[in-house]
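The numbering used here numbers the first residue of the sequence shown as 9 and each following residue consecutively. Ideal placement from N, C-alpha and C gives every residue a C-beta, glycine not left out.
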Amino acid sequence: MMKWAVIIVGLITGFCAGAALLLVYPVDWLPGSTFVQRTSQTRLSITDASHRGIEATVGAMLGLGQIEGDGFMDPALRNSRISVAVLDPVGEAGAPALAVKLSAVAPDNNLLRSRLVAVSDWNLYWPGHGSLFLAGIDNYWPLLKDAIWSALTGSGFHVHGSHLLSPVSELAATQRVIGASGKLERLAGSYREWQEYDASNGAEGTLELDTRVRR
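What follows is the structure, given as structure tokens:
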């Protein structure tokens, strides 16, 4: 238990440092240049997730969320959220990974512009093998549209089915594997995050990694 606690603290510390670097070197400036399968797609199920910070509600995405008991009190972190989860390989043998995700509400979100976006950074860690660092954005607008349609059809204000959080039109530019370490240090590529909703299990997630070996 202590070992995992040390790992989590180390991940969060390193992750915050990486996030600070991204403020200086935004993801749009980056060149386009298992555990994780090389030059292929890997699907990982997001399980045992816990978080602290804002909820993914319309009010919170517009910067109107209230600070709750498990929120961050620092004004600089008011509109942010940190999640810790286990990533299990889907349909194949492989080692699980520990994931830390840091998200922050985009300051220019606007319902009139159909924009509900969070900027997100990931640290995926496979013990004994290495880490992948991801950076991108999450688009919550399709989820809101689904919930509104559900309400109009008499099913309540709920999200149903599977939704791609990663914006399709911007995948090549934004959803990046921006760094790697250990045995995975030569990997680059992109990623997609899915959210699946149903009445019995609530929200579950899947992370898809498209990786290649850099020359």
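Judged by beta-carbon spacing, Ser128 lies beyond the 8 Å limit of Ile156, meaning their Cβ atoms are not closer than that value.
Sequence-distant partners of Val94 (beyond 5 residues in either direction) whose C-beta falls short of 6 Å from its own C-beta, in its chain, are Thr55, Asp56, Pro104. Cα atoms of Glu212 and Ser170: separation of roughly 9 Å, rounded to the nearest angstrom. Note on geometry: alpha-carbon atoms of Pro115 and Tyr148 lie some 14 Å from one another.
Gly187 sits in a strand when the DSSP states are folded into three classes. Taking all protein chains in view, the Cβ of Ser122 is surrounded by fewer than 16 other Cβ atoms within 10 Å, so the residue is classified as exposed. In the DSSP secondary-structure assignment, Glu212 is bridged to Glu204. A check of alpha carbon separations from Lys109 across Leu119, Phe141, Asn118, Val98 identifies Phe141 as the nearest. Spanning the alpha carbons of Ser58 and Asp154 requires a straight line of approximately 24 Å.
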